[in-house]
Amino acid sequence: MSDFKDKVAVVTGSSRSIGRAIALALARRGCAVTVNYSKSRDEADEVVKTIEEMGGKAVAVQCDVSKREKVEAMFKATLDAFGKVDILVNVAGIAMRGSLLDTTDEVWDRHMEVNLKGVFLCSQVAARHMVERSYGKIVNISSNSGFGIAMDGETAYGVSKAGVIQLTKSSAYDLGKHNINVNCVAPGAVDTVMLRGGRSDEEYEKVLEGRRNLASLGITGTPEDIANAVLFFASDDSRYITGKTLLVDGGRRDFL
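So for the sequence shown, the numbering used here puts the first residue at 258; every next one is plus one.
What follows is the structure in structure tokens.
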């Protein structure tokens with residue numbers, strides 16, 4: 258795989274879990290990274306420290322990706338620190354449970370604001386810088402829920418993630434003439450803070466066992482598994498691929 262020497266990436270939601278793994282994977286291969294967080298400053302600082310200890314460059318930037326002024330400030334901070342933006346990885350997201358019957362307006366709106374509008378805003382602001390240089394890689398994180406894998410209580414979440422898949426396609430069409438690739442990774446069950454969702458250890462193990470039983474490989478994923486897929490789309494090895502979504506879900510059997 259191509260290295261990322263002299264490249265600069267913004268990774269949203271990278272203070273923990275999948276975003277953290279992606280930020281570290283890029284940094285190990287020479288990429289300077291903006292580590293974005295919403296609330297977890299200490300965790301973001303830890304990611305920056307880890308990157309610096311391996312000889313890399315990173316800055317932590319607070320940003321609610323659903324707010325345009327915050328997004329613009331995040332990219333300004335990146336340009337001030339590193340001078341350019343080559344790669345954007347849209348990881349930041351939320352998941353609150355609710356069926357069609359009991360999802361509130363507030364829960365619905367917040368999913369659309371963070372999971373979908375956040376991807377739109379970050380992609381738009383990043384793309385304007387990328388267009389000036391006729392180069393860029395945008396990688397979005399969706400979910401197998403976005404393909405219609407309906408799980409109990411994932412109404413707003415699933416719809417927002419389906420929107421990310423369509424936004425990936427539309428963005429790819431719009432930006433291809435500027436030599437900007439836009440692709441998407443759709444994880445299945447990955448051992449993360451989001452999947453745990455406040456469950457006890459015993460409850461969480463039952464969730465993991467259920468997800469493993471649905472996968473052809475009989476395993477759940479790790480954040481590093483998702484990072485490996487992102488690295489491919491963020492690299493020049495994927496120069497002839499755009500507008501595509503890669504399922505990384507262990508071969509979920511009710512979806513093959």
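Just so it is clear, CB atoms sit at the ideal spot from N, CA and C, and this is done for glycine as well.
Other residues of its chain near residue 278: CB distance less than 6 angstroms, five sequence neighbours each side excluded: Locating residue 278 in the sequence shown gives position 21, where the first residue counts as 1. So the qualifying residues of the chain are 480, 481, 484.
In its own chain, which residues sit with a C-beta less than 7 angstroms from the C-beta of residue 469, not counting the 5 before and 5 after it? The residue you call residue 469 lines up with position 212 of the sequence shown. Excluding sequence neighbours, residue 469 sits near 475, 476, 477.
Alpha helix (DSSP H) runs contained entirely in the region 345 to 421, provided each spans 4 or more residues: The DSSP assignment places 362 to 368, 375 to 390 as complete runs of the alpha helix (DSSP H) inside the region 345 to 421, in order along the chain (cut-off: 4 residues).
Give a yes or no on whether the C-beta atoms belonging to residue 300 and residue 323 are separated by under 7 angstroms. Counting from 1 along the sequence shown, the entry for residue 300 is found at position 43. Counting from 1 along the sequence shown, the entry for residue 323 is found at position 66. Contact flag unset, no.
Hey, could you find the ends of the alpha helix (DSSP H) residue 436 is sitting in? Working through the sequence shown from its first residue, we reach residue 436 at position 179. Residue 436 -> no alpha helix (DSSP H), and no H or E assigned at all.
Between the region 330 to 339 and the region 390 to 408, do three or more beta carbon pairs fall short of 8 angstroms? In this structure the region 330 to 339 does not lie against the region 390 to 408, because fewer than three pairs of beta carbons, one per stretch, are closer than 8 angstroms.
When you compare each of 275, 358, 333, 321 to residue 374 by their alpha carbons, which one comes out closest? Your numbering for residue 374 matches position 117 in the sequence shown. Among 275, 358, 333, 321, the Cα nearest to that of residue 374 belongs to 321.
Could you tell me the distance, in whole angstroms, from the CA atom of residue 423 to the CA atom of residue 500? The count along the sequence shown starts at 1 and reaches residue 423 at position 166. The count along the sequence shown starts at 1 and reaches residue 500 at position 243. Straight-line Cα distance between these residues: approximately 9 angstroms.
For residue 280, report the span of its alpha helix (DSSP H) as first-last. The sequence position of residue 280 within the sequence shown is 23, counting from 1. Start and end: 274 to 285.
Alpha helix (DSSP H) runs wholly inside the region 287 to 347, at least 4 long, in chain order: 298 to 310, 325 to 339, all fully within the region 287 to 347.
Quick one: what's got a C-beta closer than 6 angstroms to residue 288's C-beta in the same chain, skipping five residues either side? To locate residue 288, count along the sequence shown from 1; it is residue 31. Excluding sequence positions up to five before and after residue 288, its CB lies within less than 6 angstroms of the CB of 261, 264, 266, all in the same chain and listed in chain order.
Among the residues of its own chain, which have a CB less than 6 angstroms from the CB of residue 491, if the five just before and after it don't count? Along the sequence shown, read from residue 1 onward, the residue named residue 491 stands at position 234. Only residues of its own chain outside the window of five on either side were considered, and among them 344, 394, 396 have a CB closer than 6 angstroms to the CB of residue 491, listed in chain order.
Contacts around residue 305, its chain only, beta-carbon distance under 8 angstroms, and the 5 residues preceding and following it disregarded: In the sequence shown, residue 305 corresponds to position 48, counting from 1. Residues of the same chain with a CB within less than 8 angstroms of the CB of residue 305, apart from the 5 flanking positions on each side, are 292, 315, 316, 317 in chain order.
Run through DSSP, which three-state label would residue 467 get? By one-based count along the sequence shown, residue 467 stands at place 210. Helix at residue 467.
When the Cα atoms are used, what is the spatial distance from residue 365 to residue 413? Position 108 of the sequence shown, counted from the start, is the residue given in the question as residue 365. Position 156 of the sequence shown, counted from the start, is the residue given in the question as residue 413. Distance between residue 365 and residue 413, taken at the CA atoms: about 5 angstroms.
Does the beta-carbon of residue 506 have 16 or more other beta-carbons within 10 angstroms, so that it is buried, or is it exposed? The count along the sequence shown starts at 1 and reaches residue 506 at position 249. Residue 506 is buried by the Cβ-count criterion.
What's the gap between the Cα of residue 334 and the Cα of residue 327? Taking the sequence shown and counting its residues from 1, the one referred to as residue 334 is at position 77. Taking the sequence shown and counting its residues from 1, the one referred to as residue 327 is at position 70. Rounded to the nearest whole angstrom, the CA to CA distance from residue 334 to residue 327 is 10 angstroms.
Apart from the five residues just before and just after residue 496, which ones in its own chain have a Cβ nearer than 8 angstroms to its Cβ? By one-based count along the sequence shown, residue 496 stands at place 239. Around residue 496, the same chain offers 438 as residues with beta carbons nearer than 8 angstroms, after the five sequence neighbours per side are excluded.
Chain-order list of residues whose beta-carbon lies under 6 angstroms from that of residue 526 (same chain, five-residue window excluded): Any answer about residue 526 is impossible in this case: the structure gives the chain only from 258 up to 513.
Kindly say whether residue 505, judged by its beta-carbon, lies nearer than 7 angstroms to any beta-carbon of chain C. Looking for chain C here will not work: only one protein chain is present.
Expressed to the nearest angstrom, what Euclidean distance is found between the alpha-carbon atoms of residue 405 and residue 398? The sequence position of residue 405 within the sequence shown is 148, counting from 1. The sequence position of residue 398 within the sequence shown is 141, counting from 1. Cα to Cα, residue 405 sits roughly 16 angstroms from residue 398.
Taking its Cβ as the centre, do 16 or more other Cβ atoms sit within 10 Å of residue 436, making it buried, or is it exposed? Residue 436 sits at position 179 when you count from the first residue of the sequence shown. Residue environment: residue 436 is assigned as exposed (fewer than 16 neighbouring CB atoms within 10 Å of its CB, all protein chains considered).
Please state the DSSP three-state secondary structure of residue 472. Along the sequence shown, read from residue 1 onward, the residue named residue 472 stands at position 215. Strand.
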